Structures are given as structure tokens and as C-alpha cells.
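Protein chains in written order, with numbering that gives the first Met the number 0: chain A, 0 to 323; chain B, 0 to 323.
Accompanying notes for the structure given below.
Protein chains: 2
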Amino acid sequence: MIDLAQGRGAATLPADGTAETFDAWLRRRQAQAQTLIERYVPAAHAVVPQLHEAMHYAAALGGKRVRPLLVWAAGECVLGDPEALDRAACAVELVHAYSLVHDDLPCMDNDVLRRGQPTAHVRFGEALALLAGDALQALAYEVLTPDTGIAPALQARLCALLARASGADGMAGGQTLDILATGTAVDAEALIRMHSRKTGALLKASVLMGAACGGFAPDRSNAHNQSATEALQAYGDAIGLAFQVVDDMLDVTADSATLGKTAGKDAMQNKATYVSVLGLETAQTLATDLRDKALLALDRLPPAERARSGRLRELADLIVLRSS
Amino acid sequence: MIDLAQGRGAATLPADGTAETFDAWLRRRQAQAQTLIERYVPAAHAVVPQLHEAMHYAAALGGKRVRPLLVWAAGECVLGDPEALDRAACAVELVHAYSLVHDDLPCMDNDVLRRGQPTAHVRFGEALALLAGDALQALAYEVLTPDTGIAPALQARLCALLARASGADGMAGGQTLDILATGTAVDAEALIRMHSRKTGALLKASVLMGAACGGFAPDRSNAHNQSATEALQAYGDAIGLAFQVVDDMLDVTADSATLGKTAGKDAMQNKATYVSVLGLETAQTLATDLRDKALLALDRLPPAERARSGRLRELADLIVLRSS
Chain A
0 MIDLAQGRGA
10 ATLPADGTAE
20 TFDAWLRRRQ
30 AQAQTLIERY
40 VPAAHAVVPQ
50 LHEAMHYAAA
60 LGGKRVRPLL
70 VWAAGECVLG
80 DPEALDRAAC
90 AVELVHAYSL
100 VHDDLPCMDN
110 DVLRRGQPTA
120 HVRFGEALAL
130 LAGDALQALA
140 YEVLTPDTGI
150 APALQARLCA
160 LLARASGADG
170 MAGGQTLDIL
180 ATGTAVDAEA
190 LIRMHSRKTG
200 ALLKASVLMG
210 AACGGFAPDR
220 SNAHNQSATE
230 ALQAYGDAIG
240 LAFQVVDDML
250 DVTADSATLG
260 KTAGKDAMQN
270 KATYVSVLGL
280 ETAQTLATDL
290 RDKALLALDR
300 LPPAERARSG
310 RLRELADLIV
320 LRSS
Chain B
0 MIDLAQGRGA
10 ATLPADGTAE
20 TFDAWLRRRQ
30 AQAQTLIERY
40 VPAAHAVVPQ
50 LHEAMHYAAA
60 LGGKRVRPLL
70 VWAAGECVLG
80 DPEALDRAAC
90 AVELVHAYSL
100 VHDDLPCMDN
110 DVLRRGQPTA
120 HVRFGEALAL
130 LAGDALQALA
140 YEVLTPDTGI
150 APALQARLCA
160 LLARASGADG
170 MAGGQTLDIL
180 ATGTAVDAEA
190 LIRMHSRKTG
200 ALLKASVLMG
210 AACGGFAPDR
220 SNAHNQSATE
230 ALQAYGDAIG
240 LAFQVVDDML
250 DVTADSATLG
260 KTAGKDAMQN
270 KATYVSVLGL
280 ETAQTLATDL
290 RDKALLALDR
300 LPPAERARSG
310 RLRELADLIV
320 LRSS
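Next comes the structure, spelled out in C-alpha cells:
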């Protein structure tokens, strides 16, 4: 198992010309995510400090920042615009943060512990938690649409990717399938259908938003662009699913202190998971297969992008081999 | 009082060259809003029908469609792009619909009646209502960012306006101030601070999104553009506030059947309103003053736009003189 504090040691050339290990990259990018969150979700605000405090609490506390990491890793692969990448990384994390706040509410998962701390509604009350989630979603689109600094066409493309990944055909739809499936018999196919939306869509969008920052989008008139985008889409699909399979495994194998959230929750709530449906061993095999699939997808990148796909490869390992 | 079924009779030239009364325009635009909602929020969907049903229920049922009307009225004033106007009108109504679903939840206003029907959480349960609201917010940005049909720069501008009006500095912030103020002593200034965000921001954004569809945005290097935008901003400010003042008056003077929602709710919940703070008579004077202010703002439009501001004028009357 890889701990987030343990890098993989693979060296690439960062901007300053010195080799940077994956571990150093990880720490640098996670710190950068924190800086961006502090910038765009300051704890204090003149007019409605309570709302900003709740938003800040939800977005700033801990988290592995997997989605921003995917944005930046894809961005390094396509030499994406740095300002756009930073804003995309922040926006996708804001959507993730809002979804956690709403998922934890009493009418949903009714969870009291998140990242080792009381959940937002425990801390601020349900009404403020609900509104903080709503405001974080809106803020994501604010962050993506600055007056200057990002080409408007890229702003529109980033908003389009984020909205489609988080709405009824993406995250919110998957969350609905999850809620409706609780307590019912579910097979592996239904699980994949649910999770490809619930968590997969936003993870995949993170990769594609990073790609968009380098001008990459599906484009049949441009073979290079098209094949790079298809490879990154396939990577995003595989990694999105792998993430959830591993999450389900960790719910069984890890303890609450390591996870920073309530372990064993899925079984307690009688939720169908990859572990409950496939068994722990088959789930482990599936996770490993999905990582291989993700790495194979990167092999299909055009040569220049393939040469810069190191961080995406390392993230695939991290996502599958993580311990929390 | 003006009923929505009673037009003001002012005639302007519609696209087909015949005179169209305000009443006819209103009915045509309201029907168009319904058509757009049915298109973008279909009741049935292959993968997650329950979520789509809840989204459709929240967005499709009744409503005056004041925000879409403002988008189109401003759009006619600036000769805005029709496809962009339709999508902007739909998007702003989707955000409005999501805010109502969340406002009605038990942890917020805990209301059971909306537009004469059970509220979404009464009909679908709290979890689905919450998710439907979340998905409607995301859908608004999907609608604004089609692959083709609207210039990407306009897409970005529309997303920017909508996000800023609905987030922590807009609607969600105002809603928070409202919740925090319930049961406490509030003066007129605090009420305006709250309502300019809670309802005013989205109404103003409707006007500015319509203006954006004609290429109008603040631009100090372009005097015509700048002065038109400033006039429309002032109109939006006045009309946004007037709407809420009248809403508060109707809560006291109208009955639930006419309103389609629970009348007398504000007093019951000990909420500060323009009526409770100013008294009914002063509130009425304020509403009339705000309408005058809105009309004066339109007088400051450049001549070409002023000549096409008829629908905005009529909407100012409608908003202040409506009976529901």
C-alpha cells in the first residue's frame, strides 16, 4: 500500500529544471490546492461570514485532493495553461466538497464524521450546510469564469465538462441510484452504472478539464487531438471506476482513524459495494485490472503526450494502492 | 392590480410584423418557457427516471416565469441572439426552481405547499428533493454551454453572471441572511441587504443575461455599451427589490389559493418583511417608488435601446401591480 506521505520516487523534470519526485510533486500540488481553496473560499467575508465559514470548513479541511491532482497531471501531459489548470483544479474540488456536505446530511447518509472532523451539518446546522453546499457549487462556476486570464472559449468548455459530470447524468444521478439501491439486491453491472456516475464522472471530468486546458477536446478533424482525447477519456473511465472499487475495499479493510471517516459504514447501512457483490479478492483483482487498463490507455497517447504522462501513471498507482 | 391573465394592452411590433399586446407577449413567452423546460428537463430519462421526475416536477409546475420574461424583455431591448436568450431564460429559471426546492426543505422553511401543489420533498422525499435541486443547478450550466449554437465567449459570460448571482454573494448568501435573521429584530437596511441578494441578484442577473445576449456588458472603452449596461443594471436593481417588497405585501394581503403557496407564512414564522418593518402603506409607497426608479433607468438607455424597452417597462408594472 502506498501512503500519501510516501512518494513513488519516479523523477520528472519540473519547471525549475531539477528532478522532482512524485512525492514532492504530490506535496507541492496538494499545498497548491490548499492555497487555491484559501484564495477562493476565504473563511471570513464581510456580508455573510457564517456562510463563508461553513463553505471554508467544507472545502478546506484535509482531503487527498485527488481531483485537482488529476487536473494538474493531465495538464502537464498536454502542456495546459497554468492559470486555467489552477482554476479547473479548484472548481472540481469545490464541486466534490459540495457533494460531500450534501451526502452527509441527515436525509442522505446521515454521517457525523468526515476527514476526522464533525460533518458540516453537525458543526453548522442543516440549513447552513445545505446552503454552503449550494454556494460551493455556484462558486465552482465563478472560479471558472474570471473576467480576464482564461480564454472565454476555454471557460465555456470547462463549465460544460464540469456541469455534465456533476448533474443528473453524472454525480447527482449516481447519488440517486445509490440512494435508491440501498437495501436492495444489486449486481456488479448496476454497481458500475451507479459508480461510473457517482464518483467516476467527476474524476473523469478532472482529467478532461486538464486536457481542455491544453486545447484537447474531441475533434474528428484533428487526428492528433482526437486520439489524445480518446486515450485520456479511457484513462479517466478506468481510473474513475478503480477509485470507487478501492474506496469500497478500504471501507472494509481500514479503520475510521486511517480513513478519517466512519469505516464499515457500507455494511452497516446495508449498501451494495464492490466488496459485498464481488468479494474482497475479486474486487482487488478488478482494481488492479482497471489500473492496467488506465496505463494501457496512456500508451495510446501520441508520442509527445505519452512522454509527459508520468504523473498520470503515478496517480493511477496511487489511486489503486492507497491506504486511505 | 394586474392579473397575469390581463394584459396591459401596449402594442409593439413582434417579429411577424403584427402588433402584439403585452398580454399576448406574456402568454407566448410563458408558453415558450414551458416548452424549454420540457425540452431540457424531460420527465422521463432512461437511467435515473426518479431524479428526472423530481427535477421536472420542480421546474415544470406553474410559476410566473418572471426571470425568463426579464431575460427575453432585455433581449428584445438589445436585439439579442435568440438561441442564447432561450437558453439563458431556461437556465435562470432552473436556478430559481432549484432554490425553491431547497428553500422548502424541512431544515429550511419546511413548507408543504408550492404553486398549489405538495412541495418536492413531500412528493418525492427529502433525499430526492435535495438531489433534484443539486442537479437542476448543474443543469443550468449545461444548458448555457451547448457544443454549438452560442458563441463560446457568450457562454462564458452567461455562466459568469448566473454563478455570481446565485452563490454566496447572491442568492445563497441572501438566503443565509434570511435564515439567520428569523426571529431577530431587523431594520429596513438589513432587509434590503438580505433581499438584494436573496431574490434581487437573480432578477437583476436575468436582465443582464438578456443584455449579454446582445453583446452588452460593462465596457468603459465603449460609451454606448457602458451607458446601456448601466441603465439596465439600475433597472435590474430597482425591479429586483420591488419584486420582494410586493411579495411581502402579497403574503399579507392575498390568500393561499391566489398565491399558490401558504399565505401569512412570514408572520407565522416571525420573519421580518418589508410589511412588518415599514407597515403596509410605506411598503406600497416603496414598491411604487422602485417601479418609477426602474422606468427612469430605462429613460437613460441610448435612443435605439430606449425605443425597444417597452417590454421591460411593462414588466416593471406587472411586477409591482401583480396580484399573485
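Idealized CB from N, CA, C, for every residue including glycine.
Bear in mind that the values here come from a model prediction, so they are computed numbers and not experimental data.
Item                                                                                                                                                                                           : Value
Would Val111 of chain B count as contacting chain A if we go by Cβ distances under 8 Å?                                                                                                        : no
Going by the DSSP bridge assignment, what does Arg196 of chain B pair with across the sheet?                                                                                                   : DSSP lists no partner for Arg196 of chain B.
Suppose you measure from the CA of Val325 of chain B to the CA of Leu35 of chain A; what does that come to, to the nearest Å?                                                                  : This structure leaves residue 325 of chain B out entirely; chain B is present only between 0 and 323.
When you compare only the Cα positions, how much space is there between Leu314 of chain A and Ser323 of chain A?                                                                               : 14 Å
To the nearest angstrom, how far is it from the Cα of Ala137 of chain A to the Cα of Met170 of chain A?                                                                                        : 16 Å
Taking Ala296 of chain B as the reference, which of B:His55, B:His101, B:Leu84 and B:Asp236 has the closest Cα?                                                                                : B:Asp236
With Leu135 of chain A and Leu157 of chain A assumed to form a contact (beta carbons below 8 Å), what rounded beta-carbon distance in angstroms separates them?                                : The Cβ separation is near 17 Å, so there is no contact.
Mapping the DSSP letters down to three states, classify Arg113 of chain B as helix, strand or coil.                                                                                            : strand
Are Ala210 of chain B and Leu240 of chain B touching if we call contact CB-CB under 8 Å?                                                                                                       : no
Determine the DSSP secondary structure at Arg27 of chain B, reduced to helix, strand or coil.                                                                                                  : helix
What are the residues of the segment 236–247 of chain A that lie near chain B, defined by any Cβ-Cβ distance shorter than 9 Å?                                                                 : none
Anything in chain B within Cβ reach of Cys158 of chain A, meaning under 8 Å, just list it in chain order.                                                                                      : Tyr140, Leu143, Thr144, Gln154, Ala155 and Cys158
Evaluate His101 of chain A with the Cβ neighbour count: other Cβ atoms within 10 Å of its Cβ, from every protein chain shown; 16 or more gives buried, anything less gives exposed.            : buried
So the candidates are A:Asp298, A:Lys63 and A:Glu37; which of them puts its Cα closest to the Cα of Met54 of chain A?                                                                          : A:Glu37
Taking all protein chains shown into account, decide if Asp146 of chain B is buried (16 or more other Cβ within 10 angstroms of its Cβ) or exposed.                                            : exposed
On a CA-only basis, which of B:Leu179, B:Arg299, B:Ser165 and B:Leu311 is nearest Ala200 of chain B? Give me that one, please.                                                                 : B:Ser165
I'd like the list of long-range same chain contacts for Ala83 of chain A, defined as Cβ closer than 6 Å, with 5 residues on each side in sequence excluded.                                    : Ile149, Leu153 and Cys212
Given Asp168 of chain A, which residues of its chain have a CB within under 8 Å of its CB, disregarding the five upstream and five downstream residues?                                        : Arg196 and Ala200
Can you tell me whether Asp254 of chain B is buried or exposed? The criterion is at least 16 other CB atoms within 10 Å of its CB, across all chains shown.                                    : exposed
With a cut-off of 8 Å, do at least 3 Cβ pairs link the segment 127–134 of chain A to the segment 72–89 of chain A?                                                                             : no
Looking only at C-alpha atoms, which of A:Leu160, A:Tyr39, A:Glu19 and A:Leu317 sits nearest to Pro217 of chain A?                                                                             : A:Leu160
Using a Cβ-Cβ cutoff of less than 8 Å, which residues in the same chain neighbour Asp108 of chain A once the five nearest sequence positions on both sides are dropped?                        : Asp102, Lys264 and Gln268
Give the residues from the segment 72–95 of chain B that approach chain A closer than 8 Å (Cβ to any Cβ), ordered along the chain.                                                             : none
Kindly list the residues whose CB is nearer than 8 Å to the CB of Met248 of chain B, restricted to its own chain and excluding five residues on each side of it in sequence; keep chain order. : Tyr273, Val274, Leu279, Ala282, Gln283 and Ala286
Do the CB positions of Val206 of chain A and Leu69 of chain A come within less than 8 Å of each other?                                                                                         : yes
Measure the alpha-carbon distance for Ala184 of chain A versus Gln29 of chain A and round it to whole angstroms.                                                                               : 39 Å
By Cβ distance below 7 Å, which residues in the same chain neighbour His95 of chain A in space, the five residues on each side in sequence not counted?                                        : Arg66 and Leu201
DSSP three-state call for Pro145 of chain A: helix, strand or coil?                                                                                                                            : coil
Measuring only the C-alpha atoms, how far is Trp71 of chain B from Arg312 of chain B?                                                                                                          : 13 Å
Here's the rule: buried if 16 or more other CB atoms are within 10 angstroms of the residue's CB, otherwise exposed. What is Glu223 of chain B?                                                : A quick correction: the sequence has His, not Glu, at residue 223 of chain B. His223 of chain B is exposed by the Cβ-count criterion.
Strictly under 8 Å for the Cβ-Cβ distance: is Gly166 of chain A near chain B by that measure?                                                                                                  : yes
Exposed or buried, Gly173 of chain B, counting other C-beta atoms within 10 Å across all chains shown (16 or more means buried)?                                                               : buried
For Cys212 of chain B, would you say it is in contact with chain A, using Cβ-to-Cβ distances shorter than 8 Å as the test?                                                                     : no
Looking at chain B, which residues of the segment 34–50 of chain A have a Cβ within less than 8 Å of any of its Cβ atoms?                                                                      : His44, Val46, Val47, Gln49 and Leu50
Three-state secondary structure (DSSP) at Lys63 of chain B?                                                                                                                                    : coil
Quick check on the DSSP output: the alpha helix (DSSP H) that includes Gln268 of chain A runs from which residue to which?                                                                     : No alpha helix (DSSP H) contains Gln268 of chain A, which DSSP labels as neither H nor E.
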